[in-house]
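Visitor: Chains as they are written, first to last, in my numbering: chain B, 1 to 141; chain R, 1001 to 1188.
We put the CB at the ideal spot given by N, CA and C, even for glycine.
Note that this is a predicted model, so its numbers are computed, not measured.
1) Could I get the ranges of all uninterrupted alpha helix (DSSP H) runs contained in the region 1020 to 1091 of chain R, with 4 residues as the minimum, in chain order?
2) Compute the Euclidean distance between the alpha carbons of residue 1196 of chain R and residue 68 of chain B, then round it to the nearest angstrom.
3) Just to confirm my understanding: we take residue 1071 of chain R, look at its own chain, exclude 5 residues before and 5 after, and list those with CB closer than 7 Å. What are they?
4) What are the complete beta strand (DSSP E) segments, minimum 3 residues, inside the region 7 to 50 of chain B?
5) Express the C-alpha separation of residue 1144 of chain R and residue 1119 of chain R in angstroms, rounding to a whole number.
6) Please return the same chain residues whose Cβ sits closer than 6 Å to the Cβ of residue 1117 of chain R, not counting the five positions on each side in sequence.
7) For the alpha helix (DSSP H) that residue 1179 of chain R lies in, which residues bound it at each end?
8) So residue 62 of chain B contacts chain R; which residues on that side make the cut at Cβ distance below 7 Å?
9) Taking buried to mean at least 16 other C-beta atoms within 10 Å of its own C-beta, is residue 98 of chain B buried or exposed?
10) For chain B, find out if any of its Cβ atoms is closer than 8 Å to the Cβ of residue 1117 of chain R; answer yes or no.
11) Closer than 7 Å by C-beta to residue 1154 of chain R: which residues in its own chain qualify, once you throw out the five before and the five after it? Chain order, please.
12) Answer with buried or exposed for residue 1181 of chain R, where buried requires no fewer than 16 other C-beta atoms within 10 angstroms of its C-beta.
13) Which residue wins for smallest C-alpha separation from residue 1032 of chain R, given the options B:35, B:33, B:32 and B:79?
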């Protein structure tokens, strides 16, 4: 009987504690309010706990942090840097396509010169292979 | 009145996001100016030191910038940014915890506490130290609900938890915090 009584008190205490903690953040029902108010009147330790919780809550609210100007500047610099990188990333495929088609055109020209003249000497490449000083520049045509 | 104010703020924020999406840097800068203190407070509370708080705070805005197109404007911008900040902080805490698998987390926290140990030993400083010794799941709830002043529903939404879990973590978290403060008070 005694242990059952003690268990009942403990259970009640836990319930009162929970109500106290919740009272800071939720709207208690009428019945819950009465239970808590009655418990607070009778129980000094619960009153003390309420004061402690109130103090912790107000101290917690003071934990604000204001970064200095470099914080915002750093963000904007990183974003602008990213925009430049993004722009490079976008133009890279275009640049690659242009470079590849240029290289392909050069190879094609070299191949057709080789087909036509049978070798790829400097004179052939520059178009002066048939040049005769006596005839002048017209000799190459 | 408050609802009307929040609604106009929401519309204003959406307008800024739209302009930022179109490449207007000043619109994004305005978002940063508006929310930087809030985000820094969240990351400072979670990480416990200025350097990490600012790094993660900056990363929050960079992530947001990268995902501007994904922001649909359903949630308020503050809630959206806070969710990114909390997730980044929790990931960083997890990553560090894994890295320090051979040592105790308390050792890491103790290092942070000693790094931040200023000459003043006032109550706010003590609460800050105690908060850092709290498990991240309780810490995040306390930061959002008590320090940032989000409602239980908003906190639940940010952390993707049921409202009941938020309330029970809040109660447990405060109970633990009270215990840690008592312990720290005895030590000093």
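Guide: Result, derived from the coordinates:
1) 1025 to 1047 and 1050 to 1066
2) Outside the shown range of chain R (1001 to 1188) lies residue 1196 of chain R, about which nothing can therefore be said.
3) 1017 and 1080
4) none
5) Interpretation of residue 1119 of chain R is limited by its pLDDT of 41, a score under 50 that renders its predicted location unreliable; the figure taken from the coordinates is listed afterwards. If I take the Cα positions, the gap works out to 28 Å.
6) For residue 1117 of chain R, the predicted structure reports a pLDDT of 46, less than 50, and the residue's modelled location is therefore unreliable. The matter cannot be settled from this model.
7) 1163 to 1187
8) 1124
9) exposed
10) Because residue 1117 of chain R sits at a pLDDT of 46, beneath the cut-off of 50, its placement in the model cannot be relied upon, and the point is left open.
11) 1079
12) buried
13) B:79
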